[in-house]
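Report on the structure given below.
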């Protein structure tokens, strides 16, 4: 199995839909992250979880709701999104030295 | 606002040449530094990490760090067409069990035949 797996790889949703992104890591790491990557912009840190506890919320709008049931799984629940939320959403995990390992990403399009 | 600055490129080098990618950062408290490679349509892939001043070599890649100048660079020797990608510099401003990486916008490298 690959180290960090994200599903779905592609998602199209309307502004009134509710959907979720899923991330699973098989690396034995204790920290998990959500990043947003938009065109022409640097990766933006959204949320950090360490040992299942949220340690960082980078002023993310409440229409994005993370969930971390255990150190291996991370979800991003999406509701009433805006077209400008269309982006590549990347999940990552790490050990204490800080080297992040990314999943393949979920490409989100909001119509 | 902690920032990481990179020239967006494209940086064009001929096959076999040395590619030099540069990055500056604003947070003097930064502890660790990373270079990621991202092919178009793919996710970032870690290629180098460096934690102390000086050079670190791994195969064709050399990372250089100068904390006094707040500068980190990546050299790619014997550049190959397969090295054509966007290279992201990332800086970790936090120690402990979870990181807080700030990324630059990336430098697009084109290796020409």
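Protein chains in written order, with the numbering used here: chain A, 1 to 111; chain B, 1001 to 1113.
Where a beta carbon is used, it is the ideal one built from N, C-alpha and C, also for glycine.
Note that the structure is predicted; figures quoted are calculated from it, not measured.
Query, Result
"How about the segment 1066-1083 of chain B and the segment 71-83 of chain A: do they share at least three Cβ pairs that are nearer than 8 Å?", "no"
"Under the assumption that residue 1092 of chain B contacts residue 98 of chain A (Cβ atoms under 8 Å), give the Cβ distance between them as a whole number of angstroms.", "4 Å"
"Between the segment 58-66 of chain A and the segment 1030-1040 of chain B, do at least 3 Cβ pairs fall closer than 8 Å?", "no"
"So, at 6 Å on beta carbons, what are the nonlocal neighbours of residue 32 of chain A in its own chain, with the 5 sequence-adjacent residues on each side left out?", "49, 74, 93"
"Let me see if you follow: with CB-CB separation under 8 Å, is residue 1092 of chain B close to chain A or not?", "yes"
"Let's test the definition: count the other Cβ atoms within 10 Å of the Cβ of residue 1065 of chain B and tell me whether it reaches 16, buried, or not, exposed.", "buried"
"Tell me which same chain residues have a C-beta within less than 7 Å of the C-beta of residue 7 of chain A, skipping the five on either side of it?", "22"
"Taking buried to mean at least 16 other C-beta atoms within 10 Å of its own C-beta, is residue 1112 of chain B buried or exposed?", "exposed"
"Apart from the five residues just before and just after residue 38 of chain A, which ones in its own chain have a Cβ nearer than 7 Å to its Cβ?", "87"
"Flag this pair as yes or no: are the beta carbons of residue 12 of chain A and residue 25 of chain A separated by less than 8 Å?", "no"
"Considering only their Cβ atoms, is the gap separating residue 1059 of chain B from residue 1087 of chain B smaller than 8 Å?", "no"
"Note down, one range per segment and in chain order, each beta strand (DSSP E) of at least 3 residues found wholly within the segment 10-81 of chain A.", "10-13, 18-25, 31-37, 44-50, 53-57, 64-70, 73-79"
"Measure the Cβ-Cβ separation of residue 1011 of chain B and residue 1017 of chain B and say whether it is below 8 Å.", "no"
"Which chain A residues sit within Cβ distance under 8 Å of residue 1100 of chain B?", "45, 48, 56"
"Could you check whether the Cβ of residue 1081 of chain B sits closer than 8 Å to any Cβ belonging to chain A?", "no"
"Following the continuous beta strand (DSSP E) through residue 1102 of chain B, name the residue where it begins and the one where it ends.", "1101-1103"
"So, does the CB of residue 1104 of chain B fall closer than 8 Å to a CB anywhere in chain A?", "yes"
"Going along the chain, which residues of its own chain have a beta-carbon closer than 6 Å to the beta-carbon of residue 55 of chain A, five neighbours each way excluded?", "48"
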